[in-house]
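What follows is one structure encoded as structure tokens, with my remarks underneath.
Protein chains: 2
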Amino acid sequence: MNKMSIPTRFGVKGPLVAIGGAEDKSSGKDILRRVLDMPEKDAPTVGVITTASCIPDEVFDSYRSAFSEIGAAEVFDLRIRDRKDAASEDIVEMIQNSDIIFISGGDQMRLTNILGATAAMAAIRASHAGGAVIAGTSAGAACQSQTMVYGGAAGDSLRKGAVRMAAGFGLVEGVIIDTHFLERGRFSRLMEVGATNPEYLGLGLGEDAAVLFDGDVIRAFGSGHTIIVDSSQVTGSNVCELEDGEPVSVQNVIMHALVNGFGYSRTERRVLGPDELQAKSPEHKIAYS
Amino acid sequence: MNKMSIPTRFGVKGPLVAIGGAEDKSSGKDILRRVLDMPEKDAPTVGVITTASCIPDEVFDSYRSAFSEIGAAEVFDLRIRDRKDAASEDIVEMIQNSDIIFISGGDQMRLTNILGATAAMAAIRASHAGGAVIAGTSAGAACQSQTMVYGGAAGDSLRKGAVRMAAGFGLVEGVIIDTHFLERGRFSRLMEVGATNPEYLGLGLGEDAAVLFDGDVIRAFGSGHTIIVDSSQVTGSNVCELEDGEPVSVQNVIMHALVNGFGYSRTERRVLGPDELQAKSPEHKIAYS
């Protein structure tokens with residue numbers, strides 16, 4: 068209920084981008100272009116992690132084409148299929164040579180299960196601390212929070228225990244990220260998450276929508292919506308009194324719908340309009356098209 | 068933004084019940100039981116309107132069985148397929164003889180298109196003013212508000228003009244009702260509706276969830292959720308500046324998830340817990356099971 072309880076270190080080092088899935092890879096490629104524009108380099112290198120996917124080769128091919136067409140110097144296949152791959156020196160070296168590490172969609176549990184506590188993950192964290200961009204879409208976005216949502220049909224949620232959560236990579240603190248948010252109607256998932264712990268800001272990313280975590284500010288871009296689910300003012304919920312599966316009530320959840328060019332101040336817990344946002348000097352490089 | 072702008076007459080006469088669709092008709096039938104319990108009579112009569120449905124005979128059969136099993140004296144088939152039927156004296160007489168008028172699901176536009184400005188609709192209003200219960204599910208609930216939502220894919224909404232609205236029956240003032248709300252992820256529809264006019268309270272009814280409009284109070288019952296979407300505190304939206312199809316931003320939408328036994332005070336714009344709600348003397352008869 069009070070602003071002092073919000074973490075003041077946001078844990079972001081290099082630019083961190085979360086995308087809600089189904090970003091444009093074939094026409095304007097707006098989101099991918101802006102990601103590629105983030106490193107302070109003309110033609111950056113991109114390492115693509117397809118571990119989450121069950122069709123990793125196809126997914127890699129589509130990102131290789133997309134990033135090459137818009138000017139990447141090189142696109143590496145960070146071919147991590149199991150924990151042995153995630154321990155390999157070749158993979159670590161490719162990570163170290165990537166200006167951008169891009170994590171594809173699929174099943175976020177595969178990401179944490181295969182990459183957790185490996186040399187590859189340590190290399191990703193070290194690269195990020197050194198300023199490399201990390202961007203992920205769908206599962207690759209959901210895994211970025213400390214506690215990650217990995218399942219629970221939207222229609223079943225707001226039933227105690229329906230939303231499945233597990234420990235994520237913790238690349239950003241104080242938020243919980245959900246994806247395909249408007250398209251799959253996942254509002255009730257983040258309402259349930261907020262009832263269980265109002266301290267965490269819910270970030271519901273729509274398809275072809277992205278955010279850049281930029282210090283205190285969350286900057287929205289892309290053609291889709293980002294829904295901010297602020298449970299900090301919740302005045303009551305029955306969640307503690309329930310058995311598993313019983314319906315959860317929750318009162319006073321505040322939501323905001325952000326579109327391209329809008330932002331959100333995490334310490335002030337308010338939306339920033341385009342003018343105000345552009346005036347705030349960005350910690351990380353972002354182009355507003 | 069201010070409480071004075073909320074309508075103080077709620078326009079409810081007899082009990083009015085809105086159900087989010089897919090209410091239990093075969094096992095406990097909790098919602099239908101409570102509706103049947105509302106008239107001050109041991110074995111009330113029920114008239115069923117299946118005009119919205121494309122399989123009206125099957126739908127009527129399922130409600131006839133359900134209401135008969137739980138103690139209705141008689142279940143009338145208010146067989147209104149076109150505007151001629153809606154002008155018929157037989158239909159008007161059946162409406163006058165129904166203690167409860169139950170409107171099934173289907174397409175709400177069929178309801179307004181066929182029943183609007185007919186003798187049947189006049190008889191329904193007169194019965195309601197005289198104390199008869201009106202209950203509707205899915206399309207039969209959506210049609211109850213003054214402005215009714217009738218379409219717009221949830222995934223497309225929050226794009227200007229995506230949510231389709233038309234004039235409803237206006238059986239209740241000051242609210243806009245949406246149904247199958249959690250199951251079809253329609254939160255963004257009512258956020259768009261709220262951005263277009265923050266004065267109207269959004270009521271998002273889940274499946275097997277119902278509300279009784281009881282004067283100032285909205286009483287939730289059934290196994291599902293009712294989401295209250297309160298846009299009265301909205302601090303900004305770009306909706307006026309947009310062309311059709313462009314993404315809508317909206318700031319500071321307050322949501323509450325109500326479950327069975329909870330309520331909402333429309334004048335105070337706050338959730339009422341079970342104890343507080345039962346203490347408020349109900350204007351209409353409702354059993355809390």
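Residue numbers (the numbering used here), protein chains in the order written: chain A, 68 to 356; chain B, 68 to 356. Where a beta carbon is used, it is the ideal one built from N, C-alpha and C, also for glycine.
Check                                                                                                                               : Outcome
Local Cβ density within 10 Å of A/Lys-151, reported as buried at 16 or more and exposed below that                                  : exposed
Proximity to B/Asp-124 [Cα-Cα], best of B/Thr-112, B/Ile-147, B/Leu-103                                                             : B/Ile-147
Residue from B/Asn-327, B/Ile-116, B/Leu-272 with nearest C-alpha to B/Ile-181                                                      : B/Ile-116
C-beta neighbour in chain B for A/Glu-250, strict 8 Å                                                                               : yes
Listed by chain order, chain A residues near B/Ala-229 by CB distance under 8 Å                                                     : None at all; the shortest Cβ gap to chain A is about 11 Å.
Cβ neighbours of A/Ser-224 in the same chain (closer than 7 Å, five flanking residues each side left out)                           : Val-230, Ser-255, Arg-256, Glu-259
Under 9 Å (Cβ pairs) to chain B, residues found in the region 310 to 324 of chain A                                                 : Glu-313, Pro-314, Val-315, Ser-316, Val-317, Gln-318, Asn-319, Val-320, Ile-321, Met-322, His-323, Ala-324
Option in B/Val-301, B/Gly-114, B/Phe-248, B/Asp-144 with minimal Cα separation from B/Ala-324                                      : B/Phe-248
Stretch-stretch touch, CB-based, cutoff 8 Å, three pairs: the region 275 to 294 of chain A with the region 84 to 91 of chain A      : yes
Burial state of A/Ser-348 (16 or more Cβ within 10 Å)                                                                               : exposed
B/Val-113 versus B/Thr-246, B/Glu-343, B/Phe-134, residue with shortest Cα-Cα distance                                              : B/Phe-134
Straight-line gap, B/Gln-345 to B/Lys-352 (C-alpha atoms, nearest Å)                                                                : 12 Å
Chain-ordered chain B contacts of A/Pro-326 [CB-CB under 9 Å]                                                                       : Per the sequence shown, the amino acid found at residue 326 of chain A is Val instead of Pro. Within 9 Å Cβ-Cβ: Leu-225, Asn-305, Glu-313, Pro-314, Val-315, Ser-316.
Stretch pair the region 336 to 344 of chain A + the region 161 to 168 of chain B: three plus CB contacts closer than 8 Å            : no
First through last residue of the alpha helix (DSSP H) which encompasses B/Gln-345                                                  : 341 to 346
Validate contact between the region 174 to 189 of chain B and the region 199 to 209 of chain B using beta carbons, cut 8 Å, 3 pairs : yes
Ordered list of beta strand (DSSP E) runs contained in the region 261 to 295 of chain B, each at least 3 residues                   : 268 to 272, 276 to 281, 284 to 289
Buried versus exposed call for B/Asp-90 [16 or more other C-beta atoms within 10 Å across all chains shown]                         : Position check: residue 90 of chain B holds Glu in this sequence, whereas Asp was assumed. Under this definition B/Glu-90 is a buried residue.
Contact set between B/Gly-207 and chain A, taken where Cβ atoms lie within less than 9 Å                                            : Here the premise fails: no neighbours, minimum Cβ distance about 21 Å.
Alpha carbon of B/Gly-173 to alpha carbon of A/Glu-107, nearest angstrom                                                            : 56 Å
Own chain residues within Cβ distance below 6 Å of A/Gly-252, not counting five before or after                                     : Ala-221
A/Val-142 to A/Arg-131 span [Cα, whole Å]                                                                                           : 6 Å
Check whether B/Ile-321 and B/Asp-297 have beta carbons under 8 Å apart                                                             : yes
Opposing strand residues paired with B/Glu-141 [DSSP bridges]                                                                       : B/Thr-112
Whole-number beta carbon distance between B/Ala-208 and B/Met-272, since they are thought to touch under 8 Å                        : In the sequence as displayed, the identity of residue 272 of chain B is Leu instead of Met. Confirmed, Cβ separation roughly 6 Å.
Simplified DSSP assignment, three categories, for A/Pro-123                                                                         : helix
Proximal residues of chain B, C-beta to C-beta of A/Ser-255 below 7 Å                                                               : Leu-249
Anticipated Cβ contact below 8 Å, B/Val-168 with B/Ser-194, distance rounded                                                        : Here the sequence assigns Ile to residue 168 of chain B, which means Val is not the residue at that position. Yes, B/Ile-168 and B/Ser-194 are in contact; Cβ-Cβ is about 7 Å, under 8 Å.
Proximity winner among A/Gly-261, A/Ile-122, A/Gly-218, relative to A/Ser-304 (alpha-carbon distances)                              : A/Gly-261
Nonlocal neighbours in the same chain, by C-beta distance under 7 Å from B/Asp-342, ignoring five residues either side              : none
For B/Arg-337, the residue or residues it bridges with in DSSP                                                                      : B/Ser-332
Enclosing beta strand (DSSP E) for B/Met-176 [first to last residue]                                                                : It is not in any beta strand (DSSP E) - B/Met-176 instead sits in the alpha helix (DSSP H) that spans 175 to 182.
Residue(s) in a DSSP beta bridge with B/Thr-204                                                                                     : B/Ile-86
Members of the region 165 to 194 of chain A near chain B, C-beta cut-off 9 Å                                                        : none
CB of A/Ile-58 within 8 Å of CB of A/Gly-289, strictly                                                                              : The shown model of chain A, from 68 to 356, leaves out residue 58 of chain A, and the question about it has no answer.
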